[in-house]
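Each residue of the sequence shown is one higher than the last, beginning at 2 in the working numbering. The beta-carbon is built from N, C-alpha and C at its ideal position, and this holds for glycine as well.
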Amino acid sequence: MLISDRLEQTKFSPSEQAVVKYLKEKKHAIKQQTIKEAANQTYTNPATFIKVAKKLGFNGWASLIDSYLAEIDYLNSNLDHIDANIPFTVNDSIMTIASKLTQLSVETVQDTQKLINNESLLKAVHLMDQASEIKIFTNNNNNLIIQDFCLKMNRIKKRVGVSILKGEEKFEAANCDKNDCALLISYTGDSPTLIDLIPILRENQVPIVAITSIGNNILSELSDCVLNITTREKLYTKIGNFTTNTAIIHLLNIIYAAYFSLRYESNLEHLIKISKLADFRQSSLDIINE
């Protein structure tokens, strides 16, 4: 859940509400103040600021401020041209719809790129490289879009499996061990089905990589490595999962490419070799024919 959402939904005492109000009003300006200075402005005491931070899941006021301001900067950037939830209207022509969805896809990819952290990406690829098998756990609506990632990885001899059968997730998690790597994909990061798997994976010492939205959600807090995707869509009030799907696909493509690059020459040689053995397509177009 985003910090801005938690500020609205968490129950605060009257003095804590004064702090929250001040935080939302001042935003970046509060970065320049000490807790004592801010406390004087709100007629509270510094301990109240710490209590607010603790209630929101942070160790201290400074960490809350850093995360909150980063979230504000993110939410105010990029996808301000096309509404991620309602990207087109009833009055738009087919070509207008096509143009808007194209623009939305471009903005989504750019948005997700800005969320990629070099250290986290390197760690995710390293954990997957060390694993005997990558096991993907996700919700039903993501099962189709991750198949391409599985196919590409398997073709370069990296075993990737997906837990598809509903009700079998815990059994499959229990069959993983420390030599595997679990990839958990959840937009909200609070899916009970996936959260219930974490204690099982932890018991078996399975490294966990998470793909999820920004903000402090349960999945990001309990994973070894977190990769964030664009976070613009509502849960229900939307035409489709346009940005979420695009972001997940883009991030999985990046993971595949980064993994491929670890053994670039041998992977490319192997891929071309097996493609020649298995793919007999022909084309009349010189630009694609080989």
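Exercise. Please report how far the alpha carbon of Ser94 lies from the alpha carbon of Leu3, in whole angstroms.
Key: 35 Å
Quiz prompt | Where Ala132 sits in the DSSP three-state scheme | solution = coil
Self-check item: Bridge-paired residues (DSSP) for Gly162
Solution: Lys136.
Exercise. Per DSSP, which residues does Thr292 bridge with? Please list them.
Key: The question about residue 292 has no answer here: the residues shown for the chain are numbered 2 through 291.
Quiz item: For Leu253, which of helix, strand or coil comes out of DSSP?
Solution: helix
Quiz item: Is the beta carbon of Ile135 sitting closer than 8 Å to the one on Leu105?
Solution: no
Quiz item: Which residue from Thr194, Pro47, Pro208 and Ile212 puts its Cα closest to that of Tyr188?
Solution: Ile212
Quiz item: Going straight from the alpha carbon of Gly61 to that of Ile51, what length do you get?
Solution: 6 Å
Practice problem: Taking 8 Å as the cut-off, decide whether the C-beta atoms of Leu70 and Lys32 are in contact. | Solution: Taking 8 Å as the Cβ cut-off, Leu70 and Lys32 qualify as a contacting pair.
Quiz item: Near Ala132, which residues of its chain fall below 8 Å by C-beta distance, leaving aside the five closest residues on each side in sequence?
Solution: Asn180, Asp181, Cys182 and Pro208
Quiz prompt | Under the three-state DSSP convention, the category Ile51 falls into | solution = helix
Quiz prompt | Ile289 versus Arg282: straight-line alpha-carbon distance, rounded | solution = 11 Å
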